[in-house]
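In what follows, a single structure is set out as structure tokens and then discussed.
Number of protein chains: 2
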Amino acid sequence: MTFTEQWHSTVIKKNSILCVGIDPPEMQNKAEWCINIIKSVAPYAAAIKINRNFIHDLSRKETQQIVQSIHASGMLAISDNKIGDIGSTNEASFHHGAIEGFDAITVSPFPGNIAESVQNAHKNNLGIFILVLMSNPEFTVIKNALIDGKKAWRYFVEQSQAAGADGIVVGAPSEKNKNIDEIMSIKSQQLILVPGIGTQGGDVKALIECFGDRIIANVGRSIFNAQDPAAEAKKYNDMLNASRI
Amino acid sequence: MTFTEQWHSTVIKKNSILCVGIDPPEMQNKAEWCINIIKSVAPYAAAIKINRNFIHDLSRKETQQIVQSIHASGMLAISDNKIGDIGSTNEASFHHGAIEGFDAITVSPFPGNIAESVQNAHKNNLGIFILVLMSNPEFTVIKNALIDGKKAWRYFVEQSQAAGADGIVVGAPSEKNKNIDEIMSIKSQQLILVPGIGTQGGDVKALIECFGDRIIANVGRSIFNAQDPAAEAKKYNDMLNASRI
């Protein structure tokens with residue numbers, strides 16, 4: 001079963017397109033803290049995204065325990081690595097991700113090797129998401145860089161689709177970044193992982209109406225920093241479901 | 001003392017501009033294996049670069065033991081993360097790198113936030129190297145992408161220098177990638193970390209003649225996969241020193 005198939009069947013089972021992004025702060029018992037959040041939000045979410053930058057201190061066993069708890073709660077596990085290296089070096093990260101049990105991994109297109117990365121990820125039975133559009137203001141120069149006379153971010157989308165990547169990553173549109181028209185113009189039929197959905201989440205509505213259950217709506221801090229992560233996850237899931245057909 | 005100052009004083013002390021890149025394979029006792037290589041090459045090298053893709057399984061304690069052994073042998077420790085995220089997320093990696101004891105870290109310019117990354121790395125007392133030129137053939141489209149009418153890789157070099165990054169990363173020139181003229185045209189006064197130096201290493205000669213001890217000459221597989229890593233490190237160091245003034 002491909003990651004895309006797993007996603008759609010999980011969405012039906014959970015009645016949710018919510019992905020909870022977890023960026024654990026520096027602490028003792030980090031794995032336990034992650035697992036508590038995971039168990040709390042499980043009734044309302046279809047996936048958990050763990051950002052690799054925040055778990056460099058965890059041993060493989062601890063990372064495996066986190067992933068096992070995600071699967072035990074019927075959710076999918078995404079490793080947010082944004083890896084951007086070449087050949088065998090990227091493959092090392094795919095290998096680790098697979099051993100840890102993740103279902104998919106995120107990759108940066110910076111080295112230009114999208115096709116190679118998709119092949120290597122799939123060889124390791126991992127779904128792969130290519131980072132194409134970030135929401136920080138400094139990304140503007142990169143997204144508008146010209147590759148073969150085409151805007152770079154659009155080139156990355158096309159390469160991702162041509163290579164058979166399971167999905168792309170696009171930062172949530174907001175008042176600040178005004179990415180909404182660009183995202184709405186994407187013709188690809190892939191999944192779209194959307195991090196950066198905050199307390200408002202207004203613009204995600206339009207994305208869900210346009211792309212349906214291909215949107216993986218990632219909410220991070222607003223849920224994992226909440227006093228009651230379960231209540232917050234429920235609130236977001238209800239909000240997202242109100243926009244689904 | 002800045003990383004650049006640390007580099008130049010280590011180069012004098014060790015009479016070496018060799019950096020040994022270590023990509024540990026999947027194994028039991030990975031930290032011990034790394035430490036053995038580190039001790040073997042220590043008489044002939046000024047720095048060790050550990051690629052983060054290969055050590056996702058290590059606990060913080062194990063990573064700290066590796067870094068301690070690098071320092072105990074009088075070398076500098078570079079964490080090759082190629083991190084490419086934004087704000088507080090990149091900062092998490094800098095924070096981990098600092099706690100692990102690394103002296104410097106590598107960063108991808110993909111999110112466009114070079115200035116922010118330099119600030120955050122330095123706040124964590126880490127030197128920072130920006131990836132500007134990769135040696136894989138697929139990188140050609142990225143390096144030639146146009147940003148403000150300028151080739152992207154050159155834009156990244158200029159941004160790195162303007163932001164006060166300690167160095168840049170450029171893949172070693174070879175028969176295949178023909179990067180030599182581009183690298184030789186770099187006007188920046190920063191350090192230049194050059195991975196991808198193989199058994200031939202011919203073209204590094206020209207780089208050393210041009211940039212002197214600002215070249216951090218990284219040799220990986222040829223040394224750590226050798227039957228006698230110490231002898232191989234000595235061979236490379238002698239070769240590199242023959243090109244130094």
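As you go down the protein sequences, you meet chains A and B in turn. Numbering-wise, the first sequence is residues 1 to 245 according to my numbering. Numbering-wise, the second sequence is residues 1 to 245 according to my numbering. We put the CB at the ideal spot given by N, CA and C, even for glycine. Fair warning: this is a prediction, and the values are worked out from it, not measured in the lab.
Please tell me whether A/ALA165 and A/VAL118 are closer than 9 Å, where the distance is taken between their beta carbons.
With respect to A/VAL118, A/ALA165 sits close: the two C-beta atoms are nearer than 9 Å.
Just to confirm the assignment: which complete alpha helix (DSSP H) runs, minimum length 4, are found wholly within the region 39-119 of chain A?
Contiguous alpha helix (DSSP H) elements confined to the region 39-119 of chain A occur at 60-72, 87-100, taking only those with 4 or more residues.
Whose CA, out of B/ASN120, B/LYS151, B/PRO111, B/ALA152, lies closest to the CA of A/PRO137?
Selected option, being the one with the closest Cα: B/PRO111.
I need the straight-line Cα distance from B/PHE102 to A/LYS13, nearest angstrom please.
Computed Cα separation, rounded: 45 Å.
Rounded straight-line distance, which links the Cα of A/ALA230 to that of A/PHE224
Taking the straight line from one Cα to the other gives about 9 Å.
Could you give the DSSP three-state label for A/ILE128: helix, strand or coil?
Note: A/ILE128 maps to strand in three-state DSSP.
Partner residues on chain D for A/GLU138, Cβ-Cβ distance less than 9 Å
The question asks about chain D, but that chain is absent: this structure's protein chains are A and B.
Are the beta-carbon atoms belonging to A/THR4 and A/GLN190 less than 9 Å from one another?
Yes, Cβ-Cβ distance for A/THR4 and A/GLN190 is below 9 Å.
Go ahead and pull the three-state DSSP assignment for B/ALA217.
Look at B/ALA217 here: in three-state DSSP terms it is strand.
Do the region 26-40 of chain A and the region 206-222 of chain A touch if we need at least three Cβ pairs shorter than 8 Å?
Segments in contact, no.
Rounded straight-line distance, which links the Cα of B/LYS187 to that of A/ALA98
Straight-line Cα distance between these residues: approximately 43 Å.
Using CA atoms only, rank isn't needed, just tell me which of B/ALA115, B/GLY198, B/ALA121, B/ILE66 is closest to B/VAL157.
Of the listed residues, the one whose Cα sits closest to B/VAL157 is B/ALA115.
Using only CA atoms, which one of B/HIS122, B/ILE128, B/ALA92, B/HIS95 lies nearest to B/PRO109?
B/PRO109 has its Cα closest to that of B/ILE128, out of B/HIS122, B/ILE128, B/ALA92, B/HIS95.
Return helix, strand or coil for A/LYS235, following the three-state DSSP convention.
Reduced to three states, the DSSP call for A/LYS235 is helix.
Return no unless some Cβ of chain A is closer than 9 Å to the Cβ of B/GLY101.
No, B/GLY101 does not count as interfacial toward chain A.
Neighbour flag for B/TYR155 against chain A, beta carbons, 9 Å
Interface flag for B/TYR155 against chain A is set, since a Cβ pair is found closer than 9 Å.
Could you check which residue in A/GLN68, A/ALA45, A/ASP23 has the C-alpha nearest to that of A/SER9?
Ranking A/GLN68, A/ALA45, A/ASP23 by Cα distance to A/SER9 puts A/ALA45 first.
Within this structure, are the beta carbons of A/LEU133 and A/ILE105 separated by less than 9 Å?
In terms of Cβ geometry, A/LEU133 and A/ILE105 do not form a close pair [threshold 9 Å].
List, in order along the chain, the chain A residues whose C-beta lies closer than 8 Å to that of B/ASN256?
Nothing about residue 256 of chain B can be read from this structure; chain B reaches only from 1 to 245.
Mind checking the region 21-50 of chain B against chain A and listing, in chain order, the residues whose C-beta falls within less than 8 Å of any C-beta there?
Within the region 21-50 of chain B, the qualifying residues are ASP23, GLU26.
Chain-ordered neighbours of B/MET75 on chain A, where CB pairs are closer than 8 Å:
Against chain A, the beta carbon of B/MET75 has no neighbour under 8 Å; the closest one sits roughly 21 Å away.
A/ILE66, buried or exposed, once every other Cβ within 10 Å from all chains shown has been counted against 16:
Buried is the call here.
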